[in-house]
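J.: Each residue of the sequence shown is one higher than the one before, starting from 31 at the first, in this note's numbering. Pasting a structure here, questions to come.
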Amino acid sequence: MQDLNFPPYSFRIKNSQNRQYIFDGLRKKFVVLQPEEWVRQHVLRYLVFTKNYPKSLINVEKQLTVNNLKKRYDVVVFNPDGSIFLLIECKAPEVKITQDTFDQIARYNYELKAEYLMVTNGLEHYYCEMDHKNEKYTFLKDIPDFSR
């Protein structure tokens, strides 16, 4: 897998039945190592080891319903009160971040009402702070460190 625009982290990778698997410490299981999963695992390490978010507040690949369609978000970080602090959309490194990507996370966030959004393909990262009351957002240089 290619180097990504994250600090270097160590991963447990195994080969089985001609496929590579990476250990997901949050889901506590090996998952197929695809390019998008490589990005997601870097994001999870970034949240836990660089930004100091507790694993207990992070949720990975859960289903939600958007316009009566079943969708799956990549990563959500909760506030201790159960509200959603951060919604993250991961793409494979070869996938360009386009308006469609922002539209996708905006549709998800219409339901979830996260305070912050992150979109990444592992090479480019975009961060937004949401202002739901005024229906606006502000781009940021990074997401806040955990501080609660």
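No residue lacks a Cβ here, since even glycine has one placed at the ideal position from N, Cα and C. Keep in mind the model is a prediction, meaning the values are calculated, not measured.
Could you tell me the distance, in whole angstroms, from the CA atom of A144 to the CA atom of Y167?
T.: Along the sequence shown, read from residue 1 onward, the residue named residue 144 stands at position 114. Along the sequence shown, read from residue 1 onward, the residue named residue 167 stands at position 137. Computed Cα separation, rounded: 11 Å.
J.: Beta-carbon separation of I173 and Y157 under 7 Å?
T.: On the sequence shown, position 143 is the one that residue 173 refers to. On the sequence shown, position 127 is the one that residue 157 refers to. Contact flag set, yes.
J.: Report the three-state DSSP secondary structure of S40 (helix, strand or coil).
T.: Counted from its first residue, the sequence shown places residue 40 at position 10. Three-state DSSP puts S40 in coil, outside helix and strand.
J.: Going along the chain, which residues of its own chain have a beta-carbon closer than 8 Å to the beta-carbon of N35, five neighbours each way excluded?
T.: Translated into positions along the sequence shown, residue 35 becomes position 5. Closer than 8 Å at Cβ, skipping near neighbours: G152, L153, E154, H155.
J.: Using 7 Å as the threshold, is the C-beta distance between D54 and V62 below it?
T.: Numbered from 1 along the sequence shown, position 24 holds the residue referred to as residue 54. Numbered from 1 along the sequence shown, position 32 holds the residue referred to as residue 62. In this structure, V62 does not lie closer than 7 Å to D54 by Cβ.
J.: Would a C-beta distance cut-off of 7 Å place L77 and Y83 closer than the cut-off?
T.: Residue mapping note: residue 77 aligns to position 47 of the sequence shown, counting from 1. Residue mapping note: residue 83 aligns to position 53 of the sequence shown, counting from 1. Yes, the Cβ-Cβ distance between L77 and Y83 is below 7 Å.
J.: In terms of DSSP beta bridges, what is I127 paired with?
T.: Looking up residue 127 in the sequence shown gives position 97. In DSSP, I127 forms no bridge with anything.
J.: What does K59 pair with, by DSSP beta-bridge criteria?
T.: Residue 59 sits at position 29 when you count from the first residue of the sequence shown. Partner(s): D54.
J.: For E91, tell me which candidate among Y138, G112, N45 has the shortest Cα-Cα distance.
T.: The count along the sequence shown starts at 1 and reaches residue 91 at position 61. Taking only the C-alpha atoms, the option nearest E91 is Y138.
J.: Please look up how many angstroms separate the CB atoms of A122 and E66, rounded, as I've assumed it's under 8 Å.
T.: Numbered from its first residue, the sequence shown carries residue 122 at position 92. Numbered from its first residue, the sequence shown carries residue 66 at position 36. A122 to E66, Cβ: 5 Å. Contact.
J.: I think K44 touches Y51, with their Cβ atoms under 8 Å apart; what is that distance to the nearest whole Å?
T.: Position 14 of the sequence shown, counting from 1, holds the residue named residue 44. Position 21 of the sequence shown, counting from 1, holds the residue named residue 51. Yes, they are in contact, since the Cβ atoms of K44 and Y51 sit about 5 Å apart, within 8 Å.
J.: Would you kindly work out how many angstroms separate the C-alpha atoms of G112 and L142, rounded to a whole number?
T.: One-based indexing of the sequence shown puts residue 112 at position 82. One-based indexing of the sequence shown puts residue 142 at position 112. So the alpha carbons of these two residues sit roughly 11 Å apart.
J.: Leaving aside the five residues before and after R42 along the sequence, list all residues of the same chain whose C-beta is less than 6 Å from its C-beta, in chain order.
T.: The count along the sequence shown starts at 1 and reaches residue 42 at position 12. Only F53 meet the Cβ criterion.
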